[in-house]
Amino acid sequence: MKKRVAVLISGGGTNLQALINAAKDPSYPASLSLVISNQAAAGGLQRAEQAGIPTQIIAHIDFQDRASYDAELHQALLGAQIDLVCLAGFMRLLTADFVQKWEGRMINIHPSLLPSFKGLNTHQQALDAGVKLAGCTVHFVVPEMDAGPIIAQASVPVLDDDTERTLRARVLEQEHKLYPEALAALAQDRLIITQNRVTTQS
Ligand code: GRF
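As numbered in our numbering, residues 106 to 307 make up the sequence shown, in order.
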């Protein structure tokens, strides 16, 4: 049985698109069953609709606090019988209570080589720090932001003439390969977490 996956987005959804493309392969072990956005204008919603995936807008402005927002999110996931959650550019902090309910079943992609450059503007942070390698990380979501056991990383060189835009594009290309692979491994129960380390069984 394929795992039922929800993808949570806030924006353009190029990572969502990469997951959609991967899931078109009949042998892919996950089916994208729901896309939720907190932004009605998120471009990723159209990508989902085009792929025939049910979408739901849960707008944070309609909720008084994070707890009530996350409670609605949780109900939506339960209602769609979701097994696994992928955060893909979902620009909201989640409550510890919600995260704990999905711990081990919720992953995120972050555009830096964690634990370096958490938070926003990761590419500018990398340029400012003068690092020679940048990259992206897929990790399990834990209550602390941009922390959690690391499942996979990909690196790219930082070039002398890089700008924030050129570096972002180079990293994004890797994100689109890494995220579908990591989700496949999770969906096939091939990830073993020991303490803070994740090993992937082949
Ligand atoms: C990606 O860089 C992802 O790593 C980060 O947010 C961005 C989302 O881009 N968490 P997209 O909406 O998938 O194009």
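By construction, the Cβ of each residue, glycine as well, lies at the ideal position given by its N, Cα and C atoms. The model shown is predicted, which means the values in this text are computed figures rather than measured ones.
_Nearest neighbour of Q258, chosen from D266, R275, G240 and S115 [CA to CA]_ = G240
*Whole-Å CB distance - A111 paired with I187, under 8 Å assumed*: The pair is a contact, with the Cβ atoms about 4 Å apart (cut-off 8 Å).
*asked:* Suppose you measure from the CA of H244 to the CA of H215; what does that come to, to the nearest Å?
replied: The C-alpha of H215 is placed about 8 Å away from the C-alpha of H244.
*Would A172 be called buried (16 or more neighbouring beta carbons within 10 Å of its own) or exposed?*
A172 is exposed by the Cβ-count criterion.
*asked:* So if DSSP puts L139 in a beta bridge, which residue, or which two residues, is it bridged to?
replied: A111
*Closest by C-alpha distance to A146, when choosing among H165, K129, L137 and L189*: H165
*Compute the minimum distance between the beta carbon of C241 and the heavy atoms of the ligand GRF, and state whether it is under 7 Å.*
yes
*Determine which residues share a DSSP beta bridge with I214 and list them.*
V243
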